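Under numbering that gives the first Met the number 0, the residue at position 115 of the sequence shown is numbered 114, and the numbers go up by one with no gaps.
C-beta atoms are modelled at their ideal positions from N, C-alpha and C, and glycine is treated no differently.
Note that this is a predicted model, so its numbers are computed, not measured.
Everything below concerns the one structure shown next.
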Amino acid sequence: MNVKTIATRPIAGQRPGTSGLRKKVTVFEQTPYLENFVQAIFDSLDGYAGQTLVLGGDGRYHNAAAIQTILKMAAANGFGRVLVGRRGILSTPAASCVIRKHRAYGGIILSASHNPGGPEGDFGIKYNTGNGGPAPEKITEAIYANSGKLTRYLTLDAPDVDLDLLGSTKLGDLQVEVIDPVADHADLLASLFDFDKIGALLRSGTFRMCFDAMHAVTGPYAHEIFIKRLGAPAGSVINGVPLEDFGGGHPDPNPTYAEQLIATMFADDAPDFGAASDGDGDRNMIVGRRFIVTPSDSLAVLAANATLAPGYAGGLAGVARSMPTSAAADRVAEKLGIGCYETPTGWKFFGNLLDAGKVTLCGEESAGTGSDHVREKDGVWAVLFWLNVLAERKLSVEAILRDHWKTYGRNYYSRHDYEGVDSAAANGLVEHLRAQLATLPGRRLELPQGTFHVKSADDFAYTDPVDGSVSTKQGIRVGLADGSRVVFRLSGTGTEGATLRVYLERYVADPAQHAIETQQALGGLIALADQLAGIRERTGRDTPTVIT
Ligand code: G16
């Protein structure tokens with residue numbers, strides 16, 4: 000085998016964020032940016048000689064070239080086998096599924112998730128461990144440390160591998176198996192849900208769905224599952240052809256960026272059910288006819304209705320949500336008498352809870368929902384779960400939500416994002432909030448919008464109940480006496496400046512008060528957030544970039 004040892008030097012800033020390392024394509028295109036990071040990953044692992052690595056990505060610009068680079072490095076570093084999706088494609092949940100099913104040592108996923116793609120867009124890479132989940136902080140910090148002391152990387156002098164054809168080839172001593180990116184994942188999903196009932200609903204002629212793949216990775220998965228296996232009419236999937244630049248769109252399934260789906264679902268002849276997924280297929284948005292379901296409510300509704308799906312008929316072990324996600328799921332867990340866990344933002348924090356069997360469902364306000372079937376959030380899984388619930392309950396999406404709120408009360412919820420803020424200004428805002436934490440509890444704040452009694456204020460810290468690891472500075476929480484709260488965090492997934500996220504939540508038990516427009520219901524908290532953090536003054540922004 001023609002292994003080459005190439006001298007290199009550390010490159011600053013290769014610290015993985017909330018979900019891997021994300022930078023501009025133009026950064027990743029500069030050799031040895033990718034090579035250094037991949038070598039830092041391999042240098043952080045033990046005992047992988049001869050083992051299996053799973054490799055794939057969301058198909059965005061630079062995916063194909065990066066896959067060839069990583070294949071050669073995996074061969075030179077001594078892996079025995081790589082399972083790679085055809086044409087280098089694997090959605091994030093499918094990669095997790097393949098790692099678990101084939102008992103791989105781990106996997107490398109190429110994606111910048113919902114961030115835009117194309118030559119001027121974003122690229123990303125992350126490492127997943129043998130449980131199929133994102134590497135925990137212990138490993139991501141080791142990768143970062145190794146990136147800071149690299150002196151060489153290993154690669155192979157060999158031609159590129161043809162990834163168009165399924166089957167096995169050799170790259171040096173490495174066995175490269177090109178696999179169908181969809182089959183394993185589709186089979187797993189078919190084992191969890193009642194495909195007969197969902198198929199009957201989709202073929203009934205009285206129920207229409209619209210799934211927007213946003214020209215991202217889920218197109219082939221949606222075609223195979225919704226159209227081929229379940230028999231939905233062809234037009235049920237839109238934007239189903241994956242494109243390297245996502246058709247110039249922003250593949251983030253939220254009401255702002257999934258504008259075509261929203262227009263379809265708010266039209267006079269709107270379908271009964273709408274959904275969208277993101278760049279790498281792990282996020283989801285659920286929409287009824289003229290009705291948007293917030294991700295926090297979606298988790299709560301799925302938890303409350305879980306036993307309707309065959310894969311969850313035995314009940315749930317527990318549920319987990321990220322701290323900024325609304326407490327709607329907590330109310331369901333309480334009623335069911337099951338465990339409920341609050342973790343920092345980042346799917347990696349759910350891994351230990353899932354592995355230990357403490358939780359079955361997990362969810363995040365950032366449009367992520369998933370279960371113990373894999374160790375990533377899973378967009379198509381969430382859509383199938385909703386379809387299974389709709390097929391059983393024979394109610395509209397809106398009616399299911401209104402019924403849910405009647406039973407549990409409504410957690411009005413919204414996230415306001417300020418994107419591309421000057422980093423120094425954003426850090427200053429967070430420090431300004433931290434400086435108030437000790438004196439805020441017990442204070443009464445008088446604003447034109449009302450009087451707010453602060454009950455608690457802290458910077459969220461988490462101790463993992465399974466391995467005892469501690470994560471600090473995970474978001475500033477200000478809780479009010481009536482149970483409302485405002486949370487402030489800086490995003491860990493952006494590539495330009497800083498993104499300030501402001502999370503707003505207000506609980507209302509009375510069903511007579513459940514039809515207020517969300518931003519109106521949260522109006523007082525929005526004003527309070529600005530008062531506490533000085534958002535306008537410090538960011539120079541009058542309005543958020545995105546409201547979800
Ligand atoms: C990633 C993480 C999620 C997180 C989201 C937003 O999702 O896996 O756990 O909630 O980022 O994180 P932040 O608020 O730090 O930007 P994805 O879909 O981007 O991989």
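Beta carbon of Asp244, beta carbon of Tyr60: below 8 Å?
yes
Where do the N-terminal and C-terminal ends of the beta strand (DSSP E) with Leu54 fall, by residue?
Thr51 to Gly56
Have a look at the DSSP bridge pairing and note the partners of Gly204.
Note: Gly204 sits in no beta bridge, so no partner.
Local Cβ density within 10 Å of Lys405, reported as buried at 16 or more and exposed below that:
Exposed: under 16 other Cβ atoms inside 10 Å.
What is the rounded straight-line gap between the Cα of Gly131 and the Cα of Leu524?
Each residue's alpha carbon lies about 39 Å from the other.
If you check the beta carbons only, do Ser203 and Phe36 fall under 8 Å apart?
no
For Ala456, which residues of its own chain have a beta-carbon under 6 Å away from its beta-carbon, when the five flanking residues on both sides are left out?
Leu436, Leu439, Pro440 and Val477
Inspect the beta-carbon positions of Gly566 and Asn114 and report whether they are closer than 8 Å.
Here the chain comprises residues numbered 0 to 547, so residue 566 is not present and cannot be evaluated.
Roughly how many angstroms separate the alpha carbons of Leu298 and Ala257, rounded to a whole number?
When the Cα atoms are used, Leu298 and Ala257 turn out to be separated by approximately 20 Å.
How about Gly58 and Val216: are their beta carbons less than 8 Å apart?
It is a contact, given that the beta carbons lie within the stated cut-off.
For the alpha helix (DSSP H) that contains Arg535, what are its first and last residues?
Note, Arg535: alpha helix (DSSP H), Ile534 to Thr538.
Quick check: the Cα distance between Tyr104 and Gln174, rounded to an integer number of angstroms?
15 Å
So which of Arg433, Ala511 and Gly474 has the shortest CA-CA distance to Thr344?
Gly474
Does the separation of the CB atoms of Gly166 and Ala74 fall below 8 Å?
no
Name the one or two DSSP bridge partners that Asn410 has.
Tyr506
Quickly, what does DSSP pair Ile124 with across the bridge? List them, please.
Leu20 and Leu109
By the three-class DSSP mapping on this structure, what secondary structure does Val396 have?
helix
Assuming contact is defined by CB atoms lying nearer than 8 Å, are Ile98 and Gly55 in contact in what I supplied?
no
Any Cβ of chain B within less than 8 Å of the Cβ of Val292?
You won't find chain B in this structure, because it holds only one protein chain.
Classify Lys169 as helix, strand or coil using the three-state DSSP reduction.
The answer is strand: DSSP assigns Lys169 an E or B state.
beta-carbon Trp380 near the ligand G16 non-hydrogen atom, thresh 7 Å:
no
If I follow the unbroken beta strand (DSSP E) through Thr4, where does it start and stop?
Val2 to Ala6
Using alpha carbons as the reference points, say which of Leu315, Ile534, Arg442 and Asp463 lies closest to Val429.
Ile534
Straight-line CA distance for Ala275 to Glu391?
22 Å
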